[in-house]
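In the numbering used here, the protein residues as written are 1 to 370.
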């Protein structure tokens, strides 16, 4: 087991390297980089993602500083809207953002810093990326942890009952509700909840913004807990529909597949009770597929799935931070959050694999040769 864990951790190194390399290369050709953002503010020119940059590529695509008189001209010509600006000023901008170095050197420096969890400072906020991540992390963790916990606590028992009562009236009614819920987009349901319960056209029962109230730190401990969940209620409910549907149907199908196997018939023939068959024999096999999907589900809820919900409910989390950084070409935040996302995803995948052994002790990773 220890050898397997060590191999998996070592395998994370080339995986992280490959992901960061691909992202870095893609950014080389992305138009409207930080230098162009500054130039646009000075000149009022367009820096949209669809704008074309002469020379083919964004700020990361510059190949180094040009030499001589022709180099001075190229400094201005490779940035859209830079005509008329002092080339020396543009050179200072490039040096400020680190673009005076070759791409391979910037990538190497970035990797070395990231290994030490030094993500640098935001280009436009004058604050360290790590501090920004620490500030936004509680919001994303709150949404991710409670949504995942709620989904598993409700969907797994519901999926098991639907599998046991397959074809019954209960199964058909719950399936209809689940399918309808899954078809409703989360952001649309969030808007509906705001209209109904957050001061829209009807009731005013829940707050519209923030993770806690302004007077949170003056409240007693029990009131802090209530205030925290009061703010989380609508965002979590709006995210719940698709997550519940996916996990419930996955659990049901996994249990149905196992229930129809020969070993279940044998266990029933020996006189085992329904609970003994379900939780003593079927559960460990059926749950393997559910556990396998945990890392992707958690990462999806934690980072990507919560973006629209964060925007609608004014929750300043990692999803919104990464989106704003991508729009504003704030590369330290973009790469820093990508590094954190990837690291957390790989760690959760390892935990997921080790959970197999907890659910089914017959699985022994120590005997695997990979």
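Using N, Cα and C, we set each Cβ at its ideal position, and we do this for glycine too.
Computed from a predicted structure; not experimentally measured.
I'd like the span of the alpha helix (DSSP H) that includes residue 226, first residue to last. Bounds of the alpha helix (DSSP H) holding residue 226 are 221-259.
Note down, in chain order, each residue of its chain lying with its Cβ closer than 6 Å to the Cβ of residue 247, except the 5 sequence neighbours on either side. Once the five neighbours on either side are set aside, the close Cβ partners of residue 247 are 151 and 155.
Label residue 52 either buried or exposed according to how many other C-beta atoms from any shown protein chain fall within 10 Å of its C-beta, with 16 as the threshold for buried. Since pLDDT at residue 52 reaches only 39, below the 50 mark, its modelled position is unreliable, and the value read off the structure follows with that caveat. Counting the other CB atoms within 10 Å of its CB gives residue 52 a total below 16, which places it among the exposed residues.
Excluding sequence positions up to five away, which residues of its chain have a Cβ less than 7 Å from the Cβ of residue 374? There is no way to answer for residue 374, as the model of the chain reaches only from 1 to 370.
Since residue 186 and residue 141 are thought to touch, with beta carbons under 8 Å apart, how far apart are those beta carbons, to the nearest angstrom? The beta-carbon separation of residue 186 and residue 141, rounded to 19 Å, does not stay under the 8 Å limit for a contact.
Within its chain, find whatever has a CB closer than 8 Å to the CB of residue 208; leave out the 5 residues flanking it on each side and keep chain order. Exclusion of the five residues before and after residue 208 leaves 194, 198, 199, 313 and 314 as the residues of its chain whose Cβ lies within less than 8 Å of its Cβ.
Neighbourhood of residue 25 by C-beta, 6 Å cutoff - its chain only, sequence neighbours within 5 removed: Taking C-beta separations shorter than 6 Å and ignoring five residues to either side along the sequence, residue 25 has no partners in its chain.
Just to confirm the assignment: which complete alpha helix (DSSP H) runs, minimum length 4, are found wholly within the region 140-205? If you keep only unbroken alpha helix (DSSP H) runs of at least 4 residues inside the region 140-205, you get 169-183 and 186-197.
Could you tell me whether the region 319-330 touches the region 253-261, using the rule of 3 or more Cβ pairs below 8 Å? Too few Cβ pairs lie closer than 8 Å, so no.
Stretch pair the region 98-116 + the region 273-284: three plus CB contacts closer than 8 Å: Touching, no.
Among 354, 356, 332 and 343, the one whose alpha carbon lies nearest that of residue 132: Checking every option, the nearest Cα to that of residue 132 belongs to 332.
Given a threshold of 16 other Cβ atoms within 10 Å of its Cβ, counted over all protein chains shown, does residue 205 qualify as buried or as exposed? Per the 10 Å Cβ criterion, exposed.
What do you reckon, are the CB atoms on residue 117 and residue 130 nearer than 9 Å? The Cβ atoms of residue 117 and residue 130 sit closer than 9 Å to each other.
Supposed contact pair residue 189 and residue 241 - C-beta distance, whole angstroms, cut 8 Å: Contact between residue 241 and residue 189 holds, with the beta-carbon distance rounding to 6 Å and staying under 8 Å.
Find out if the Cβ-Cβ distance for the pair residue 249, residue 159 is shorter than 9 Å. Judged by beta-carbon spacing, residue 159 lies within the 9 Å limit of residue 249, meaning their Cβ atoms are closer than that value.
Reduced DSSP secondary structure (H/G/I, E/B, other) of residue 355: Here residue 355 sits in helix by DSSP.
For residue 121, which three-state DSSP category applies? Reduced to three states, the DSSP call for residue 121 is strand.
Just checking residue 2 against the ligand FAD - is the residue's beta carbon closer than 8 Å to any of the ligand's heavy atoms? With respect to the ligand FAD, the structure offers nothing, as it holds no ligand at all.
Give the single residue among 321, 348 and 338 whose Cα lies nearest to the Cα of residue 125. Per the Cα distances, 321.
Using C-beta distances below 7 Å, list every residue in its chain close to residue 431, excluding the 5 sequence neighbours before and after it, in chain order. Residue numbering for the chain in the displayed model covers 1 to 370; residue 431 lies beyond these limits and cannot be assessed.
Alpha carbon to alpha carbon, how far is residue 256 from residue 157? Distance between the alpha carbons of residue 256 and residue 157: 14 Å.
Quick one, are the C-beta atoms of residue 348 and residue 164 less than 9 Å apart? No; because the gap between Cβ atoms is not below 9 Å, this pair is not in contact.
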